[in-house]
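From first to last, the protein sequence lines stand for chains A and B.
Per the numbering used here, the very first residue in the first sequence carries number 11; after that it's consecutive.
Per the numbering used here, the very first residue in the second sequence carries number 437; after that it's consecutive.
The structure appears right after this line, and notes come after that.
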Amino acid sequence: MGPEMTTKTDRPTPGPGTTRKLTAAAGKGRDRRIKSEVRLFSRLGHVALLAWAVIVIVPVLWTFLASFKNTTEIFSSPWTLPAELRWENWGRAWTEARVGRYFINSVLVVAGGVFGTMLLGSMAAYVLARYKFVGNRLIYYMFVSGLAFPVFLALVPLFFVVKNLGLLDTHIGLVLVYIAYSLPFTVFFLAAFFKTLPTSVAEAGMIDGCSHTRLFFQVMLPMAKPGLISVAIFNIIGQWSQYQLPLVLLPDKDKWVLTQGIAEISVNAGYQADWAGLFAALTMAILPMIIIYAIFQRQIQGGLTAGALK
Amino acid sequence: MRQGKYPFVIGFLALPVLLYSVFVIAPYAQAFQLAMTSWRGVGTPKWVGFDNFRRLFEDEAFWKAVQHHGILLLALPLITIAIALYFAFMLNVGGGSRGGERVGVRGSGFYRVVFFFPQVLAVAIIAVLFQMVYRPNESGLINGVLMKLGLDPVFFLIRPNLALWSIIGVLVWQAVGFYVVLFSAGMASIPTEIYEAAEMDGASRVVLFFRVTLPLLWDTLQVAWVYLGIAAFDCFAIVAVLSVDSGGPDGATTVLAVEIYRNAFVYSRYGYASAMGVALFFLTITFAALTLRVSKRESVEY
Chain A
11 MGPEMTTKTD RPTPGPGTTR KLTAAAGKGR DRRIKSEVRL FSRLGHVALL AWAVIVIVPV
71 LWTFLASFKN TTEIFSSPWT LPAELRWENW GRAWTEARVG RYFINSVLVV AGGVFGTMLL
131 GSMAAYVLAR YKFVGNRLIY YMFVSGLAFP VFLALVPLFF VVKNLGLLDT HIGLVLVYIA
191 YSLPFTVFFL AAFFKTLPTS VAEAGMIDGC SHTRLFFQVM LPMAKPGLIS VAIFNIIGQW
251 SQYQLPLVLL PDKDKWVLTQ GIAEISVNAG YQADWAGLFA ALTMAILPMI IIYAIFQRQI
311 QGGLTAGALK
Chain B
437 MRQGKYPFVI GFLALPVLLY SVFVIAPYAQ AFQLAMTSWR GVGTPKWVGF DNFRRLFEDE
497 AFWKAVQHHG ILLLALPLIT IAIALYFAFM LNVGGGSRGG ERVGVRGSGF YRVVFFFPQV
557 LAVAIIAVLF QMVYRPNESG LINGVLMKLG LDPVFFLIRP NLALWSIIGV LVWQAVGFYV
617 VLFSAGMASI PTEIYEAAEM DGASRVVLFF RVTLPLLWDT LQVAWVYLGI AAFDCFAIVA
677 VLSVDSGGPD GATTVLAVEI YRNAFVYSRY GYASAMGVAL FFLTITFAAL TLRVSKRESV
737 EY
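Rendered as structure tokens:
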């Protein structure tokens, strides 16, 4: 690698061949040049990094502040602080705009969806990864091929499947759909993970007379914990963020999840001119994510990028 | 080991396979069938062959959407990857080497945490957030500042030739942090000795970046390109919530997903919407196949 690099660099020092035998003086000069270059480079870089951090933080911070303002303040200047903490904006958003309701709906659906996804996904992945039987590969590829299809291709028929099963406007229906559409990635990821686990432990369990089912729940699942956590985080964020599926499958306002609710409030805020209420609703949707992210930041980054790094 | 294997295998697979068949496989299969019919949601669908596709090729909204996917497909990966690569390089390699280890600039940890944050927010929520940021009067974050400075407000979502770019801006805002973390992981696996050898030979940071980091990161870049490309074919939540009239003004930001939704669940043209879904499917598959073919270049061993 080394010699190749030298011929390609456009550095001003003369001749190839001398590069490996640098004199002390040349080394010093180069050091100085690199040092000043480093300083300029990192100064520019610092400005860019800081600018991006500001771009990310400011909209969120501004929303948070605006949730305490009244309409006059919102329209007067984006940068003045609210004169007082108007918690009534939050109250209005929570009850009248029903953010509380939507929030609880979201928690229920995601809790059910992720639990079901993890249970069924790990069961299928385990069997497909560690048991030989006819049709194993076929079923595996059936699951994994789901990664390649856009959900929008299935949207219309899916609506009628759910409707015909009498599950339209039910949280159960949405939960089942979430599970089904989360299976491709979950199976793909966990099957690879189960394959890496040592066989010796499983064999020892078998000799002790452990049943297949017990072996899975009491030995293999605990061993797969790091993989399970990554996929669970991936699914929690994914299902929590869903907008198109609930939009189609939950037309009834009482059943709505948070993303639907916030999008609707944003439309209504225009008619009612209740911008403060919208800012409060938006803050309520964002704040829990900030708290969860602050606590589980490492695991969340790991979980979301896990698929891409495979 | 053999005893009781099949009942166990079947017992564990039955439920996942059933759910998957009913809610995923069956709808995908039906979509191709429905695309050949004219159906308003009641009675039996009427077989019309390729009529829907013929209509599709004359549909202005369809071509507008395809054109927007083309723009998104180029702009979204290019801008996001360029910014993310630069930041990832700064955060991992930019600080020079200290004690034989490559380090990033000061505050790297903080930046990584902040940059990644938008990734945990739902796109629909981000769309509402940026509706407020982009508002065309004093109440908007950007225009509030511009107007205080005595400048004219910018109509981010209202001017037809600016609206799509305003939306791309939001998508980039959300995506950059994810790819910074992704590229960081890739850069961390590049051996320090390679950088040292290159630096020993007097390579500048720019050279380091283009001659060392970039080639060794090729596989990760390819993954990023595919991910962002697939994202460019979706964009439903952001366009449906953020843009004027879901895809407006006057179709200036519309994408296929929005048109599918509109045709199916607003106009009840289920057959036609399915045909659009099939078109979307073939576009996505073509993109994925092309990317894998074109970018299949020998990866550098190290």
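We treat Cβ as the ideally placed atom computed from N, Cα and C, and that holds for glycine.
Q) Can you list the residues of chain A that glycine 665 of chain B reaches, using a CB-CB cut of under 7 Å? A) Neighbours of glycine 665 of chain B on chain A: none; closest Cβ ~12 Å, over 7 Å.
Q | CB contact check: tryptophan 72 of chain A to chain B, cutoff 7 Å | A | At least one chain B Cβ lies under 7 Å of tryptophan 72 of chain A.
Q. Are there three or more Cβ pairs, one per stretch, closer than 8 Å when the region 601 to 608 of chain B is compared with the region 507 to 519 of chain B?
A. Yes: at least three Cβ pairs fall under 8 Å.
Q | C-beta neighbour in chain D for valine 569 of chain B, strict 7 Å | A | Among the protein chains of the structure shown, namely A and B, there is no chain D.
(Q) Beta-carbon within less than 8 Å of isoleucine 446 of chain B's beta-carbon, same chain only, minus the 5 sequence neighbours each way: which residues are those? (A) The beta carbon of isoleucine 446 of chain B sits closer than 8 Å to none of the beta carbons in its chain outside the five residues before and after it.
Q. Hey, which unbroken runs of the alpha helix (DSSP H) at 4 residues or more fall wholly within the region 178 to 235 of chain A?
A. Correct list: 181 to 206, 209 to 217.
Q: Taking alanine 471 of chain B as the reference, give the member of B:Ile461, B:Trp499, B:Phe552, B:Asn488 with the closest Cα.
A: For alanine 471 of chain B, the nearest C-alpha among the options comes from B:Asn488.
Q.
Counting C-beta neighbours from all protein chains within 10 Å, is the total for threonine 720 of chain B 16 or more, i.e. buried, or is it exposed?
A. It counts as buried.
Q) How would you label glycine 586 of chain B, buried or exposed, when you count the other beta carbons within 10 angstroms and need 16 or more for buried? A) Classification of glycine 586 of chain B: exposed, given that the 10 Å Cβ count is below 16.
Q) With a cut-off of 7 Å, does the C-beta of leucine 392 of chain B fall near any C-beta of chain A? A) Nothing in the structure corresponds to residue 392 of chain B, since chain B is present only between 437 and 738.
(Q) If the criterion is Cβ atoms closer than 7 Å, does the pair alanine 563 of chain B and leucine 678 of chain B meet it? (A) Taking 7 Å as the cut-off, the Cβ atoms of alanine 563 of chain B and leucine 678 of chain B count as close.
(Q) For isoleucine 561 of chain B, would you say it is in contact with chain A, using Cβ-to-Cβ distances shorter than 7 Å as the test? (A) Cβ-Cβ to chain A under 7 Å: yes for isoleucine 561 of chain B.
Q. Arginine 224 of chain A to alanine 212 of chain A, Cα distance in whole Å?
A. In this structure, the CA atom of arginine 224 of chain A is about 11 Å from the CA atom of alanine 212 of chain A.
(Q) If contacts are defined as beta-carbon pairs under 8 Å, then leucine 255 of chain A and leucine 184 of chain A qualify, I think. What distance do you get, rounded to the angstrom? (A) Going by Cβ atoms, the distance from leucine 255 of chain A to leucine 184 of chain A rounds to 7 Å, so yes, they are a contact pair.
Q. Mind checking whether valine 569 of chain B and proline 261 of chain A have CB atoms under 7 Å apart?
A. Result no, Cβ atoms of valine 569 of chain B and proline 261 of chain A do not sit closer than 7 Å.
Q) Would you say leucine 184 of chain A reaches chain B, if we count a Cβ-Cβ gap shorter than 7 Å as a contact? A) Closer than 7 Å: no.
Q: Have a look at A:Glu106, A:Thr90, A:Phe74 and flag the residue whose alpha-carbon is nearest the alpha-carbon of glycine 271 of chain A.
A: Glycine 271 of chain A has its Cα closest to that of A:Glu106, out of A:Glu106, A:Thr90, A:Phe74.
Q. Looking at C-alpha atoms only, which residue of B:Gln466, B:Asp588, B:Phe717 is the closest neighbour of isoleucine 746 of chain B?
A. In the structure as shown, chain B starts at 437 and stops at 738, and residue 746 of chain B therefore has no counterpart that could be examined.
Q: Using 10 angstroms around the beta-carbon of glutamate 494 of chain B, count the other beta-carbons present and answer buried if the total reaches 16, otherwise exposed.
A: Around the C-beta of glutamate 494 of chain B, fewer than 16 other C-beta atoms lie within 10 Å, and the residue is accordingly described as exposed.
Q: Assuming leucine 455 of chain B and alanine 316 of chain A form a contact by the criterion Cβ under 8 Å, report the distance between their Cβ atoms to the nearest whole angstrom.
A: That belief does not hold up - the Cβ atoms of leucine 455 of chain B and alanine 316 of chain A are roughly 23 Å apart, past 8 Å.
Q: Give the DSSP bridge partners of threonine 473 of chain B, in chain order.
A: Threonine 473 of chain B is bridged to B:Trp483.
Q: Anything in chain A within Cβ reach of tyrosine 547 of chain B, meaning under 7 Å, just list it in chain order.
A: By Cβ distance, chain A contributes Leu59, Ala63.
Q: To the nearest angstrom, report how far apart alanine 158 of chain A and isoleucine 182 of chain A are at their CA atoms.
A: Roughly 26 Å separates the two Cα atoms.
(Q) Against threonine 315 of chain A, what residues of chain B qualify as contacts under a CB-to-CB distance less than 8 Å, listed in chain order? (A) Threonine 315 of chain A reaches chain B at Phe614, Val617, Leu618, Ala621, counting residues in chain order whose Cβ is nearer than 8 Å.
Q.
Classify proline 208 of chain A: buried if its beta carbon has 16 or more other beta carbons within 10 angstroms, exposed otherwise.
A. Residue environment for proline 208 of chain A: exposed (fewer than 16 other C-beta atoms within 10 angstroms of its C-beta).
Q. What does leucine 449 of chain B reach in chain A if we use C-beta pairs closer than 7 Å?
A. Per Cβ cutoff of 7 Å: Ala134, Val137, Ile149.
Q: Indicate whether at least one CB of chain A lies closer than 7 Å to the CB of alanine 725 of chain B.
A: Chain A, which has no Cβ nearer than 7 Å to the Cβ of alanine 725 of chain B, makes this no.
Q. Does DSSP put proline 685 of chain B in a helix, a strand or coil?
A. Here DSSP, grouped into helix, strand and coil, assigns proline 685 of chain B to coil.
Q: Determine the contact status of proline 685 of chain B and proline 596 of chain B, defining contact as a CB-CB distance below 7 Å.
A: In this structure, proline 596 of chain B lies closer than 7 Å to proline 685 of chain B by Cβ.
Q) When you compare only the Cα positions, how much space is there between isoleucine 302 of chain A and arginine 308 of chain A? A) Cα to Cα, the separation comes out at about 11 Å.
Q) Leaving out the 5 sequence neighbours to the left and right, which residues in its chain are closer than 7 Å to leucine 653 of chain B when beta-carbon positions are compared? A) So the list reads Phe619, Gly622, Met623, once near-sequence residues are dropped.
Q: Please determine if the region 199 to 206 of chain A and the region 119 to 135 of chain A are in contact, where contact requires at least 3 C-beta pairs separated by less than 8 Å.
A: As far as the Cβ criterion goes, the region 199 to 206 of chain A touches the region 119 to 135 of chain A, which means the pair count is three or higher.
(Q) Can you confirm whether proline 256 of chain A, when its beta carbon is compared against all beta carbons of chain B, has any partner nearer than 7 Å? (A) For proline 256 of chain A, not one C-beta of chain B is nearer than 7 Å to its own C-beta.
Q: Check each candidate in A:Ala304, A:Phe169, A:Ile243 and name the one with the smallest Cα separation from glycine 378 of chain A.
A: No statement about residue 378 of chain A is possible, as the shown extent of chain A runs from 11 to 320 and does not include it.
Q: Count the other CB atoms, across all protein chains shown, that sit within 10 Å of the CB of phenylalanine 390 of chain B; report buried if there are 16 or more and exposed otherwise.
A: Absent from the model: residue 390 of chain B. The displayed extent of chain B is 437 to 738, so no value can be given.
Q: Rounded to whole angstroms, what's the CA-CA distance from leucine 288 of chain A to valine 187 of chain A? Just pull it up for me.
A: Distance from the CA atom of leucine 288 of chain A to the CA atom of valine 187 of chain A, rounded to whole angstroms, is 30 Å.
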